[in-house]
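Reading through the structure tokens given below for one structure.
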């Protein structure tokens with residue numbers, strides 16, 4: 002998942018709660034924040050590839 006709406010939909014969580022939890026994960030460097038425009042979907046998954054846990058390789 003790369004978009005906030007995808008996280009929210011899959012978790013069924015309120016926006017304010019999800020936002021706070023994601024901010025803590027970014028603060029603790031579990032996730033990174035990527036403010037670049039979304040990439041085109043990849044052929045294999047049909048999803049853009051942007052959000053990755055810290056330290057993961059592309």
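Residue numbers (this note's numbering): 2 to 59. Beta carbons: idealized from backbone N, C-alpha and C, even for Gly. The model shown is predicted, which means the values in this text are computed figures rather than measured ones.
DSSP state of residue 12, grouped into three classes? Locating residue 12 in the chain shown gives position 11, where the first residue counts as 1. DSSP places residue 12 in helix when its eight states are reduced to three.
8 Å CB neighbourhood of residue 34 in its chain, flanking five on each side removed: Taking the first residue of the chain shown as 1, we reach residue 34 at position 33. Counting only Cβ-Cβ distances below 8 Å, and skipping sequence neighbours, we find 27.
Which listed residue (30, 29, 37 and 8) has its alpha carbon closest to that of residue 20: Within the chain shown, the letter at position 19 stands for residue 20. Nearest of 30, 29, 37 and 8 to residue 20, Cα basis: 8.
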